[in-house]
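Chemist: Attaching a single structure in structure tokens format; questions to follow.
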Amino acid sequence: MIAHNPGVTGRRVLLVEDEYFIADDMVRVFEELGAEVVGPFSRIEDALAAVSAADRLDAAVLDVNLQGTMVFPLADELTARGIRFVFATGYDHHAIPARFDHVVRCEKPADPEAVITALFGA
């Protein structure tokens, strides 16, 4: 069970993940803590469209590889908009461009509590 984190309640979190069960678990955890999940999206084009259409996003969880497409253009867009995000991935830090060295990488299967702490603090 995930400890209650008042920093999550009312937040809008973009979820970009192409593995159904991982996405489903993340959605459940965020919603149980009072967040609104935007997604999950398994295609970068859909996620980029959602970012463009959203009136507000507070944070995002990004899988690095979406069905063979790397998520870095989306990460660039989130960075430009000042939206905090984490990478939830099986890739090590060498696969992630240096411009994202400051971004927390949660290794899959990502512990939801670690993801939440990285995004919103303890």
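Position one of the sequence shown corresponds to residue 10 (this note's numbering), numbered consecutively onward. Here a beta-carbon is modelled for each residue, glycine too, at the ideal position from N, C-alpha and C.
1. Could you check what DSSP says for Val-113 in three-state terms: helix, strand or coil?
2. Is DSSP giving Arg-37 helix, strand or coil here?
3. Could you name the residues of the same chain whose beta carbon sits closer than 8 Å to that of Glu-40, not counting the 5 residues immediately before and after it, in chain order?
4. Our contact map puts Arg-93 next to Ala-68 with C-beta atoms below 8 Å; I'd like the distance itself, whole angstroms only.
5. Okay, do the region 50-62 and the region 70-84 touch, 3+ Cβ pairs below 8 Å being the bar?
Modeler: Taking the definition as stated:
1. Reduced to three states, the DSSP call for Val-113 is coil.
2. If DSSP states are grouped into helix, strand and coil, Arg-37 belongs with the helices.
3. The answer, listed in chain order, is Val-46.
4. Arg-93 to Ala-68, Cβ: 5 Å. Contact.
5. The region 50-62 is in contact with the region 70-84.
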